[in-house]
Every structure is written in C-alpha cells, then in structure tokens.
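Reviewing the structure listed below.
Protein chains: 2
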Amino acid sequence: MPDSNSSASILLIDDHPLLRKGVKQLIEMHPSMQVVAEACNAIEGVKLAQTIDPDLILLDLNMPNINGIETLKMLREEEVSSRIIVFTVSDNEEDVVAALKAGADGYLLKDMEPEDLLTSLEQAATGTVVISPRLATLLAQALQSNKSVDKVDLSSLTPREKQIIKLIANGMANKVIARKLSITEGTVKVHVKHLLKKLRLRSRVEVAVWAVQEGLN
Amino acid sequence: MPDSNSSASILLIDDHPLLRKGVKQLIEMHPSMQVVAEACNAIEGVKLAQTIDPDLILLDLNMPNINGIETLKMLREEEVSSRIIVFTVSDNEEDVVAALKAGADGYLLKDMEPEDLLTSLEQAATGTVVISPRLATLLAQALQSNKSVDKVDLSSLTPREKQIIKLIANGMANKVIARKLSITEGTVKVHVKHLLKKLRLRSRVEVAVWAVQEGLN
DNA sequence: GTCGGATTACCACTTTGGTGGTACTCCAAA
DNA sequence: TTTGGAGTACCACCAAAGTGGTAATCCGAC
C-alpha cells in the first residue's frame, strides 16, 4: 500500500525468468516504479496479487497450464483491485480483444522499445489504459465489428442496484441513500459493493460518471 | 453525526419561542426526525450549527438584528455542511431568489399544512431541494429572467483546481491524481478541499457529476 | 420442495476522503 | 518592497467508503 509519493508497486507474472530479470532491471532504473514481487505461474501470481495488492500487474499471456487470459479472469474473480497490464508477444487480434474483454487495463507488446515500455507503465500507473500503438488500428476495427467491447450489460443489475446507481449519480452519500430507501447504511454498502463488481468499476465516483454519461440520471 | 437508521437531526433557528415549540412537537411526532437544538438568533444559531452539525437547519427569515439571509450566508461562510431550509412567512419573490442564491437547500412557507411540512422535511433529509408548491411558478419566472441562479463561476477556480476537477471526473482517486501530477496525496486533498468550497459541493462524487454534466470531461 | 438469486442486516476491519491547522516558496500586483 | 494568492507539504483527526464474512427472509424456477 504505497502512499502518494512512494513509487508505484508492480507485480510481474511471467514464466520466463530471464525476461522477468530484464523487465525488473529496466523498471528499477525508474524511481517512480518498483517491482515488489514476481511469479512464474498463474496460481502463484494470483496468490501474490491478493496478499500484496500491487498498483500494477504485468501479466504474460503465454504461460504453461493456465494461460494469461485465464489468469486475468481469476484475478478479476478474486477482486484484485490492481491495474492489470497484459504484456506479451502476441499481436493476435483475438488475444487483444479477449484480454480487454476480460478486464485488462492495458495491452503491451514485448517487442516495444524499453523506453516506450517505461513511459507506458508510468501512464498505466496513473490510471490510463495503455495499448501498444501497433494494435490501435487493429483494435479500432474490432470495435467497429463489435461495439460492445467494454459494454457491461445493464441487465445483470438488480432493480435495487439500478435504483442505487441513480442515487449515487445524484451525488448522494450512502447515509442519505439509506434514509431515502428506508434501509440501513450497511445494506446500501452491500448493494454498492455488488454493483461495483458487476460493472467492474473501482469506486462510486466511477459509477457516478458512468451513469451520467450513460444518461441514467 | 447520526448513523443511517437513526433519525435525521434538526436545528431550529427562529426568534419565536412559540413557533419553535409547535414545530418541535410536530417533528417529534415523526420517528425519522428529531430536533436536537434550537436558537433564537443568528449568532447562537451559527454557533450551534458548527458544534452539532445537524442534518437539517430550519431557518426563519425575519429575525431581529441579523436576518435570515445574512444568517444563511454566515452558515455557508462557516462551511456548515447541513442542509439549510428557509422557513418563513414571506412569499416575496426577492426573498425566495435571494435565499436560493445564498445557498438554501429549500424554501418552505409557514402556512403549510403540518403534514405537508413533515413530508417536505423528510424529503429534505434525503437530499431533495424542497420548495413550497405555491412558489414554483414564481420561481420558474425568476429562472427565465435570470438563468444563473445556481451557476457557479468557473473563473474563481485556479488552473490547478480545474485540472484536478477533470481528473476527478475521470473517476480517479486522490492517490492516482497525485502520481499523475507528481505531487503528494495531501496536496491533492488541499486542492479538492478548496474546490469543494468554491463550487459549494459536498463530495468528489458531486464534483464528478457536475463536471460531466458541464462537459468538462 | 429444494435451490438459488435478491434483499436485508450486522459485524469488524482497512482504506480513502475530507477538515483544520501551520508553514514554506514563488511570483505578480499594489 | 510589502502583500497576497497559488501551489506545495506535513500533521493529526474524524467521517465515509469499501471489503469480507455470516445469515436471515422471500420468491420464483427447476
């Protein structure tokens, strides 16, 4: 749990020790970031992610047994709040789309220039979704053919959850929502927790922004 | 600081003891609200508001020495976070507009039916701006002639503050904003505190909603 | 009739957000 | 040259948000 000015903590998940070493050395050259842990497979990676909750996770796609996409899904299942950046050799469209659909916060190619990698990671640490430039056009096409890459289905929400989203989008605090709905604040928190998970959002602020943009106001 | 299920706390500021007594009795009949303090003038009222920080303040306009509008401004000056409902006999347009401009969260007339008053107060406690129905048309006209009733001037914000508003409107946490701007989280909090005061908003969620609606995204 | 989702509640706990204060630097306006 | 706003930082403190778990009720589907 790094505080504001300490460097961004990073977990590497990759089955190639040499590559991990290289990436780690590269990152360590940069004071604003720090590799705090490494894992060579999915199980270990998920475990580490849960215990240390890093700011960023750099995740390889091609791993034995459990592949990267599966690992990504596991991390999301376990509600790891880290930003997850897929880091791989594959510029295959399906992989990119699958990764982003599974909730990746970035997709970087291993053949990037080291310097570009560093700046991309820095950006990722500040909350920006980073995609290797080479994939941009590819992704644009995918978006055209399938407009629902990042669309969450509103239908997975219960009526109560939708109701609470609207109240959040009006800027209301949990306490106020509780009073309005005649339930306890604790219960409101439960609903908020559930809808955050369903919408894959990280805070009520994101919920509010999303709802307003979606016109749910 | 009532918790979710406890009743909404109310402070009465009115120079008529009898009226206070009546209102108090009326409110006490309602389990979801509770009068926690009373004041007969502005000074006392502001002091009480600061110390007990009630959910609602019912404020009379016609008081000796310092009138209600002044009191209202003082309360806003002192950054009292309570919802302030003006409660008066005056259905004068100027008073209504002045009160709302000064930041009132509601404007109710003393000749309301007791039952209507209760429901209005309940609504106010849930964050709704309540206006006596009789004043609705009057207010609509005022809005037509002067579109800036609730408009805050963006120009009072410093460049840094505007920048941070945009980041908040992207759902970012203080920690992430700090990293992006290369300043400490504490400093981000300072800016947030200041812009909340300037915009007369109560939380970053309200800032985000406001900014998105304003197209500052 | 059982199973599971939805709703509610309560608990303890950690993290994030917001307040209040002081204090330093920089820079421009008075 | 002094003054004041803007930006930064640090501090302690309290309030709000979010997590993780258990558990009860209700209701509809299988």
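As they're listed, the protein sequences go chains A and B. Going by the working numbering, 210 is the number at position 214 of the first sequence; the sequence numbering is gapless. Going by the working numbering, 106 is the number at position 110 of the second sequence; the sequence numbering is gapless. Glycine included, each C-beta is placed from N, C-alpha and C at the ideal position.
Note on the region 55 to 133 of chain A: whole alpha helix (DSSP H) runs with a minimum of 4 residues are 64 to 73, 89 to 97 and 110 to 121, in chain order.
Under the three-state reduction of DSSP output, E210(B) falls in the coil class, being neither helix nor strand. When CB distances to chain B are screened at a threshold of 7 Å, the residues of the region 105 to 135 of chain A falling below it are A121, T122 and G123, in chain order.
The count of Cβ pairs closer than 8 Å, one atom from the region 95 to 108 of chain A and one from the region 65 to 81 of chain A, reaches three, so the stretches are in contact. For the 8 Å CB-CB criterion, E24(A) and L8(A) do not form a contact. Interface residue (Cβ-Cβ distance to chain A less than 8 Å): Q209(B) is classified as such.
For the pair D11(B) and L57(B), the CB atoms are not nearer than the 8 Å cut-off. Judged by pairs of C-beta atoms under 8 Å, the region 114 to 124 of chain B touches the region 13 to 33 of chain B, as three or more such pairs exist.
For I6(A), there are no neighbours in chain B by C-beta distance under 9 Å, as the nearest C-beta there is about 13 Å away. DSSP places L8(B) inside the beta strand (DSSP E), whose first and last residues are A4 to I9.
Within the same chain, D87, V92, Y103 and L105 come within 8 Å of L131(B) by CB-CB distance, once the 5 residues on both sides are set aside.
Per DSSP, A35(B) is one residue of the beta strand (DSSP E) stretching across M29 to A35. Neighbours of S199(A) across chain B, judged by C-beta separation under 8 Å: G167 and A169. The beta carbon of I65(B) sits closer than 8 Å to the beta carbons of L57, D91, A94, A95 and A98 from its chain, once the five residues preceding and following it are set aside; these are given in chain order. Ranking M70(B), V31(B) and N63(B) by CA distance to the CA of K43(B) puts M70(B) first. Below the 8 Å Cβ cutoff, chain B contributes V201 as neighbours of I164(A), in chain order. Annotated three-state conformation of L163(A) is helix, per DSSP. When only Cα atoms are considered, L197(A) and P13(A) end up about 33 Å apart. Boundaries cannot be given for H26(A), as no alpha helix (DSSP H) includes it and DSSP labels it neither H nor E. Note on geometry: alpha-carbon atoms of A204(A) and P60(B) lie some 43 Å from one another. Within chain A, the residues placing a beta-carbon under 7 Å from that of V172(B) are T122 and G123, ordered along the chain. Using a Cβ distance threshold of 8 Å, Q46(B) and V76(B) count as a contacting pair.
The DSSP-derived three-state label of L153(A) is coil. DSSP lists I6(B) and R79(B) as the bridge partner or partners of L52(B). Under a criterion of Cβ atoms nearer than 8 Å, no residue of chain A is adjacent to A38(B); the nearest Cβ is some 27 Å distant.
The alpha carbon of D51(B) has as its nearest neighbour, out of I39(B), V31(B) and C36(B), the alpha carbon of V31(B). In terms of Cα proximity to M29(B), the closest of R175(A), L191(A), T180(A) and S199(A) is R175(A).
Interface criterion not met: the Cβ of R72(A) is under 8 Å from no Cβ in chain B.
Taking every protein chain shown into account, the CB of S152(B) has fewer than 16 other CB atoms within 10 angstroms, so this residue is exposed. The C-beta distance from V186(B) to I173(B) rounds to 12 Å, too long to fall under 8 Å, and the pair is not in contact. Following the DSSP letters along the chain, one finds T180(B) in no alpha helix (DSSP H), marked with neither H nor E.
The contact set of K176(A) on chain B, defined by CB atoms closer than 8 Å, consists of T122 and G123 in chain order. Counting only Cβ-Cβ distances below 7 Å, A45(B) has no contacts in chain A at all, with the closest Cβ about 18 Å away. Among the CB atoms of chain B, none fall inside 8 Å of the CB of V31(A). K193(B) sits exposed, since fewer than 16 C-beta atoms from the chains shown fall within 10 Å of its C-beta. Beyond the five residues adjoining it in sequence on each side, I48(A) comes within less than 8 Å, by CB distance, of S5, L7, V32 and A33 in the same chain, given in chain order.
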